[in-house]
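Position 225, counted from 1, in the sequence shown is what the working numbering calls 244; the numbers after and before it change by one each time, with no gaps.
Remarks on the structure that follows.
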Amino acid sequence: MNSPFRPSPAAPDITSITPELLAMVDAIARHGSFARAARELGKVPSAVTYAVRKLEDGLDVLLFDRSGHKARLTEAGQTLLDDGRVVLQSLDDLACRVKRVATGWEVELRIAVSAVLPLEPLYDLMREFESVASATTLRFSTEVLSGNWDALMSNRADLVIGADAAAAPAGAYRSQPMGDTQFGFCVAPHHPLARLDRPLTPQDIAAHCVIVVADTSRNLPPRTRGVLQNQAMIVMPTMEAKIEAQMRGLGCGHLPLTLAAPYITQGRLVVCPTSDVIPLTEHVVYAWRPEAAGQALKWWLERLRSPRLCESLLGVRAD
């Protein structure tokens with residue numbers, strides 16, 4: 020007589036999931052190829068294939084669809100990758116915290132700089148920092164509009180330089196004022212708006228394409244600035260690309276004068292006076308989360324207290 024009780028199927032062997040295997044899955048997903056992933060990881064393709072198949076056997080799931088020219092994640096594989104990336108980030112954060120507790124210096128310091136500010140004034144600071152904390156990696160990013168605050172609030176950055184104080188969200192962070200960033204409405208000398216011998220009205224501007232930079236926020240609501248209703252638009256990936264597009268006469272728009280000044284001096288851009296258009300000015304700050312204040316962050320915060328540095332970043336006398 021057969022027993023009515025059947026043994027439960029073996030549970031998936033989650034102990035077979037290691038950070039190394041998660042990194043393999045991530046590399047294969049990005050490249051769509053076991054061979055290319057192996058090349059990135061410094062392994063032979065057979066070792067990567069064997070490791071992933073062993074992981075699939077241990078979990079009793081198929082992670083990749085290998086039927087086409089590219090290796091594609093199955094639904095189960097995508098879940099593993101998404102959650103695995105969170106695990107890997109947590110492990111990296113843990114390692115950084117342990118290192119910071121042990122030495123006082125961060126393994127990595129992530130600094131987000133607003134796209135309206137030049138990076139040039141920071142290069143000397145990077146060199147100075149390297150001489151005192153070469154073991155700390157500096158990772159810079161450029162953020163646009165709400166992306167500055169989003170980088171800080173979502174833990175993508177430890178320090179943000181040049182965030183718009185007026186757009187500051189509620190949260191546990193500290194900030195210090197830097198001064199004001201001035202904007203001018205700029206076009207190429209051969210643009211039709213440059214030939215109007217009078218202040219530009221909103222109707223004048225709305226008849227022409229505006230060049231903007233995409234907000235880099237991932238979680239906070241994205242913003243637009245200086246765009247009129249129903250105005251044609253070209254969205255560029257960087258502030259440098261926006262400036263280039265405007266110099267080529269592809270459109271118009273406000274530009275931070277700190278970045279536009281050299282091109283205005285060269286005659287490649289002209290600043291047009293406007294009527295009934297609110298001038299753009301940003302009161303900008305640098306901000307950080309106080310719980311993340313290791314020695315590297317403290318070093319940068321001390322340097323940012325310099326009025327001369329703020330003046331060079333903003334192109335105007337700091338408050």
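Every residue gets a Cβ at the ideal spot worked out from N, C-alpha and C, and that includes glycine.
Here the structure is a predicted model, which means the values were calculated and not measured.
- The shortest C-alpha to C-alpha distance from Ala226 to any of Trp318, Ala70, His210 is the one to His210.
- In the DSSP annotation of this structure, the continuous segment of the beta strand (DSSP E) that includes His273 starts and ends at 272-275.
- The alpha-carbon separation between Met43 and Gly77 amounts to approximately 16 Å.
- For Val163, no alpha helix (DSSP H) segment is defined, and its DSSP state is neither H nor E.
- Just so you know, the alpha carbons of Ala152 and Val126 end up roughly 10 Å apart.
- The C-alpha of Leu81 lies about 11 Å from the C-alpha of Lys73.
- When C-alpha distances from Ser160 are compared across Arg104, Glu147, Pro137, Ala154, the shortest belongs to Pro137.
- Under the rule that a run must span 4 or more residues, the alpha helix (DSSP H) segments found entirely inside the region 105-185 read 139-151, 166-172.
- Ranked by Cα distance from Asp295, the options Gly272, Asp234, Pro256, Ile224 are led by Ile224.
- Inter-segment contact for the region 182-193 and the region 252-271 is absent: fewer than three beta-carbon pairs are separated by less than 8 Å.
- Look at the region 179-232 and you find these whole runs of beta strand (DSSP E), each 3 residues long or longer: 193-206, 229-232.
- Fewer than three Cβ pairs drawn from the region 51-63 and the region 99-113 lie within less than 8 Å of each other, which leaves the two stretches out of contact.
- Residue environment for Pro275: buried (at least 16 other C-beta atoms within 10 angstroms of its C-beta).
- With contacts defined as CB atoms closer than 7 Å, Asp169 and His302 fail to qualify as a contacting pair.
- Taking C-beta separations shorter than 7 Å and ignoring five residues to either side along the sequence, the partners of Pro309 in its chain run Arg193, following chain order.
- DSSP, reduced to helix, strand and coil, places Leu328 within a helical segment of the structure shown.
- For Val246, the secondary structure class from DSSP, reduced to helix, strand or coil, is coil.
- Contact annotation: Asp234 and Ser133 have beta-carbon atoms that are not nearer than 7 Å.
- A contact between stretches requires three or more CB pairs, one per stretch, nearer than 8 Å, and the region 85-97 meets this requirement with the region 40-55.
- Its Cα nearest to that of Met145, the residue Arg322 stands out among Arg322, Asp177, Ser86.
- The C-beta separation of Val179 from Ala131 comes to about 4 Å, placing the pair in contact by the 8 Å criterion.
- DSSP places Ile253 in the uninterrupted beta strand (DSSP E) bounded by 252-255.
- With distances taken between CA atoms, Ser331 lies nearest to Leu278 out of Gly268, Ala187, Leu278.
- Between the C-alpha atoms of Ala251 and Met266 there is a straight-line separation of about 18 Å.
- Per the coordinates, the alpha-carbon of Glu139 lies some 19 Å from the alpha-carbon of Asn167.
- Note: Phe83 is bridge-paired with Leu92 in the DSSP secondary-structure output.
- In the DSSP assignment, Val63 falls outside any alpha helix (DSSP H) and carries neither an H nor an E.
- Rounded to whole angstroms, Asp216 and Ala185 show a C-alpha spacing of 34 Å.
- Note on Lys261: 16 or more other CB atoms within 10 angstroms of its CB, so buried under the neighbour-count rule.
- Apart from the 5 residues on each side of it in sequence, Gln314 sits with its Cβ closer than 6 Å to the Cβ of Gly123, Trp124 in its chain, given in chain order.
- For Val303, the enclosing beta strand (DSSP E) has its first and last residue at 300-307.
- Contact annotation: Ser173 and Asn238 have beta-carbon atoms nearer than 7 Å.
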